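Data block below; observations after.
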Amino acid sequence: MTLTVDDTDRRILQLLQTDGKASVQDIAAKVALSTSPCWRRIKRMEEAGLITGYTARLNPKLLGLHALAYVFVSLMDHREDTIAAFSRLVDTQERIIECASVTGESDYILKIAARDPEDLDHFLMRGILSSGLVRASHTHFVLRRTKPTSPWPLL
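One rule links them: number in this note's numbering = place in the sequence shown (from 1) + 88.
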């Protein structure tokens, strides 16, 4: 089943991406709908899996997380069991806040949060590299986040 998204749905999605706590009444007023049709549209998009959840964005510095890095990882090999083991490892590490399989010289990019550079180094050495799954890694520290949160484009 294909979900059809019209301009009103896009406006609703834009508002929800900006403020996930907005009430249905507020959203309805901004998109010129009454509350019930607006609620039905949101419910339809949730049930179809387009809206996958609602989260709070936190300030990492206030959590004591002062180091953020992108780590490019190359696995030892590309056997199914190695890939599955690496996926399990990533899933168990809360410091890894994002992981993507990529093309190019590396197999994955990990976005990792840590208290400071030493904490990140300790995590990489004991949590990732010691696993025996990684052939090579390249770490790039984030100096400044210039666009830390972005809504998905609604093309």
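The beta-carbon is built from N, C-alpha and C at its ideal position, and this holds for glycine as well. From a predicted model like this one, the values you see are computed outputs, not experimental measurements.
Practice prompt. Please classify L151: is it buried, with 16 or more other beta-carbons within 10 angstroms of its beta-carbon, or exposed?
Written response: exposed
Worksheet item: In the DSSP assignment, what residue or residues form a beta bridge with I200?
Response: A157, I184
Worksheet entry | Proximity test, P205 beta-carbon vs the ligand ADP heavy atom, cut-off 8 Å | This structure does not include the ligand ADP; it has no bound ligands of any sort.
Discussion item. Distance check for A120 and I216, CA to CA, integer angstroms please.
Written reply: 51 Å
Discussion item. One question on the structure: do S225 and V178 come within less than 9 Å of each other, judged by their Cβ atoms?
Written reply: no
Fill in: Close-in-space but distant-in-sequence residues of the same chain around L153 (CB under 8 Å, 5 per side omitted)
Cβ neighbours of L153 within its own chain (closer than 8 Å, five residues either side excluded): A201, A202, R203.
Worksheet item: Considering only the beta carbon of each residue, do A155 and L208 sit closer than 9 Å?
Response: yes
Fill in: E193 and S162 closer than 9 Å at C-beta
yes
Fill in: Contact check, A157 vs K199, beta carbons under 9 Å
yes
Discussion item. Spatial neighbours of D97 within its chain, please: C-beta separation below 7 Å, excluding the five flanking residues on both sides.
Written reply: Excluding positions up to five away in sequence, the list reads R129, M133.
Practice prompt. Keeping to the same chain, check which residues put their C-beta closer than 6 Å to that of V112; ignore five residues upstream and five downstream.
Written response: T123, C126, W127
Worksheet item: Under the DSSP definition of a beta bridge, which residues are partnered with L150?
Response: Looking at the DSSP assignment, L150 forms no beta bridge with any residue, so it has no partner.
Item to complete: Could you work out which residue in L104, R223, F229, P241 is closest to D165 when comparing CA atoms only?
Response: With distances taken between Cα atoms, D165 lies closest to R223.
Practice prompt. To the nearest angstrom, report how far apart D169 and R99 are at their CA atoms.
Written response: 43 Å
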